[in-house]
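The next block holds one structure in the form of structure tokens; read it before the comments.
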Amino acid sequence: MLELKEKIKKEGKVLGNGILKVDSFINHQVDPKLMDACGREFARRFATVGATKVLTAEISGIAPALMTALYLGIPVVYARKTKPVTMPDQVYLTLAPSHTRGVMSELIVSPEHLKHGEKVLIIDDFLASGATILGLVRLAQAAGAEMVGIGALIEKDFEGGREALKKVGVPVESLAIIASLDHDTITFAE
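Just so you know, we're using my numbering here: the sequence shown kicks off at 1152 and counts up by one.
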């Protein structure tokens, strides 16, 4: 998606160790017009999969997931990283590594909001190793939901996440695919 790639080129910063800083428009400060365009594009790409719910991870995935869900006309659920007192005792919980924080994070979803038989579309900010998205897949499977698609704003092709997601057996769509972050340069895949 050209608009997203241009924003990454203009405002993205390579921090080393495979980390791309995009907090000026995706995850600390959010560009609502860009997220609207991304959500519209995801909705177009996944229009025929029959999703009944969008699932994402707190916090960076919420903006693109929300806009996608808006255009699909379905709810969005986000996996929490801490369990609030309002959540029931019995929850769906898994662990996934956080590349930027360097720790294992809990992903928690209430069974009140993710149910057996739902058709789940995962939308997240990054597809890198695939670990966080696979954690979301485990939550959906624990609920008895059916996976129907996976979308990421930015894919870091060099980290192998797409290959890791093949076993899920659903369409995977990324709006911007980065081939390399070598030498502090953002190189997009063709």
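Note that CB positions come from ideal geometry on N, CA and C, so glycine has one too.
On a predicted model such as this, the values are computed, not experimentally measured, just so you know.
In the DSSP assignment, the beta strand (DSSP E) including Pro1215 goes from what residue to what residue? First-last for Pro1215: 1213 to 1223, but that is the alpha helix (DSSP H), not the beta strand (DSSP E).
Would you mind reading off the limits of the beta strand (DSSP E) that contains Gly1302? Where Gly1302 is concerned, the enclosing beta strand (DSSP E) starts and stops at 1297 to 1307.
Within the continuous beta strand (DSSP E) that includes Glu1192, where are the two ends? Element bounds for Glu1192: not the beta strand (DSSP E) but the alpha helix (DSSP H), 1183 to 1196.
Quick check on DSSP: helix, strand or coil for Ile1337? Ile1337: coil per DSSP, three-state reduction.
Going straight from the alpha carbon of Leu1285 to that of Lys1161, what length do you get? Looking at the two C-alpha atoms, the distance is approximately 30 Å.
For Val1200, report the span of its beta strand (DSSP E) as first-last. The continuous stretches of beta strand (DSSP E) do not include Val1200, and DSSP gives it neither H nor E.
Taking Ala1293 as the reference, give the member of Glu1269, Pro1226, Phe1197 with the closest Cα. Here the closest residue by C-alpha is Glu1269.
Under 8 Å, do Leu1287 and Leu1258 count as touching if we go by C-beta distance? With respect to Leu1258, Leu1287 sits close: the two C-beta atoms are nearer than 8 Å.
First through last residue of the alpha helix (DSSP H) which encompasses Ala1279: Looking at the DSSP string, Ala1279 is not in any alpha helix (DSSP H), and its letter there is neither H nor E.
Go to Ala1315, then tell me how far its beta strand (DSSP E) extends in each direction, as first and last residue. Taken as a continuous stretch (DSSP letters only), Ala1315 belongs to no beta strand (DSSP E), being part of the alpha helix (DSSP H) at 1312 to 1316.
Proximal residues to Asp1308 (C-beta, below 7 Å), its chain only, five neighbours per side dropped: Spatial neighbours of Asp1308 in its own chain (CB-CB distance under 7 Å, excluding positions within 5 residues in sequence) are listed in chain order as Ile1328, Ile1329, Ala1330, Ala1340.
Three-state secondary structure (DSSP) at Gly1167? Under the three-state reduction of DSSP output, Gly1167 falls in the strand class.
Would you check if the distance between the CB atom of Leu1153 and the CB atom of Ala1202 is smaller than 8 Å? Result no, Cβ atoms of Leu1153 and Ala1202 do not sit closer than 8 Å.
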